[in-house]
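So the protein lines, in turn, are chains X and Y.
To convert, take the position in the first sequence, counting from 1, and add 131; that gives my numbering.
To convert, take the position in the second sequence, counting from 1, and add 246; that gives my numbering.
Beta carbons are placed, not taken as given, at the ideal position from N, Cα and C, and that holds for glycine.
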Amino acid sequence: EAGVTQFPSHSVIEKGQTVTLRCDPISGHDNLYWYRRVMGKEIKFLLHFVKESKQDESGMPNNRFLAERTGGTYSTLKVQPAELEDSGVYFCASSQDPPGFGEQFFGPGTRLTVL
Amino acid sequence: GNSVTQMEGPVTLSEEAFLTINCTYTATGYPSLFWYVQYPGEGLQLLLKATKADDKGSNKGFEATYRKETTSFHLEKGSVQVSDSAVYFCALRRGYNKLIFGAGTRLAVHP
Chain X
132 EAGVTQFPSH SVIEKGQTVT LRCDPISGHD NLYWYRRVMG KEIKFLLHFV
182 KESKQDESGM PNNRFLAERT GGTYSTLKVQ PAELEDSGVY FCASSQDPPG
232 FGEQFFGPGT RLTVL
Chain Y
247 GNSVTQMEGP VTLSEEAFLT INCTYTATGY PSLFWYVQYP GEGLQLLLKA
297 TKADDKGSNK GFEATYRKET TSFHLEKGSV QVSDSAVYFC ALRRGYNKLI
347 FGAGTRLAVH P
């Protein structure tokens, strides 16, 4: 069974440009999470989808970030326009129901560099 | 609020040395506690977990005990190997399943 996959693995863009990150969760996993690690600091929660609905988006830093999960399968995270402080590694994770007990399986991450 | 503090790295050890990576937490109620590991070029993997006080999580020779009295969940291994070189993250979970992580500790094991 395929694990969580993320695309691209690396992205280098200039300040002001737009970038879209993609996450494909494990098949059948209704819960999908986005996290990011900035500057070697702690990994911080961004948001949580249950199927196509946003369950918790309390970690989204500002309105330059837009996450979608159309059809409850893969998810995209768009940053528009990108700023220097957005550089970091963006992780996606998925889990089965019930959400309170399901282990979160993580993808390899997308390393974003904003110049 | 909820938070996790873990010792800064890098930690550099010789093969077969004893490993301790300290982790303390601040949380309301009774969180579940986790250690995740990230090997070079890979995603985060769950290493071990404990869901209530005095539970001991263990896996691949690593152990950690949930200590409520000291709000700690220190990671230990009696004899590390070169293949254990990785970044280790302590984390807790409450509420709607979001994980709260520490900053990570890089471990380098030399032959």
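Anyone know if the C-beta pair for residue i and residue j falls short of 9 Å?
i	j	result
Y/Glu-322	Y/Ile-267	yes
Y/Pro-256	Y/Thr-351	yes
X/Gly-219	X/Val-150	no
X/Val-135	X/Pro-156	yes
X/Ile-174	X/Phe-222	yes
X/Leu-141	X/Thr-241	The sequence shown places His at residue 141 of chain X, rather than the Leu named in the question. Cβ atoms of X/His-141 and X/Thr-241: closer than 9 Å.
Quick check: what's the CA-CA separation for residue i versus residue j?
i	j	result
X/Glu-214	X/Trp-165	19 Å
Y/Asn-343	X/Ile-144	32 Å
Y/Val-326	Y/Cys-336	18 Å
X/Lys-172	Y/Thr-251	11 Å
Y/Ile-346	X/Arg-167	11 Å
Y/Lys-314	Y/Ala-332	27 Å
X/Glu-216	X/Val-245	8 Å
DSSP has residue i in a bridge; who is on the other side?
i	result
X/Ser-218	According to DSSP, which records beta bridges pairwise, X/Ser-218 is partnered with nothing at all.
X/Val-143	X/Thr-244
For chain X, find out if any of its Cβ atoms is closer than 9 Å to the Cβ of residue i; answer yes or no.
i	result
Y/Ile-346	yes
Y/Tyr-276	no
Y/Phe-264	no
Y/Glu-288	yes
Is the shortest distance between the beta-carbon of residue i and the beta-carbons of chain Y less than 9 Å?
i	result
X/Val-150	no
X/His-179	yes
Which runs of the beta strand (DSSP E) fall wholly inside the segment 250-325 of chain Y and span at least 3 residues, in chain order? 257-260, 265-267, 269-272, 278-284, 290-296, 302-305, 308-311 and 321-323
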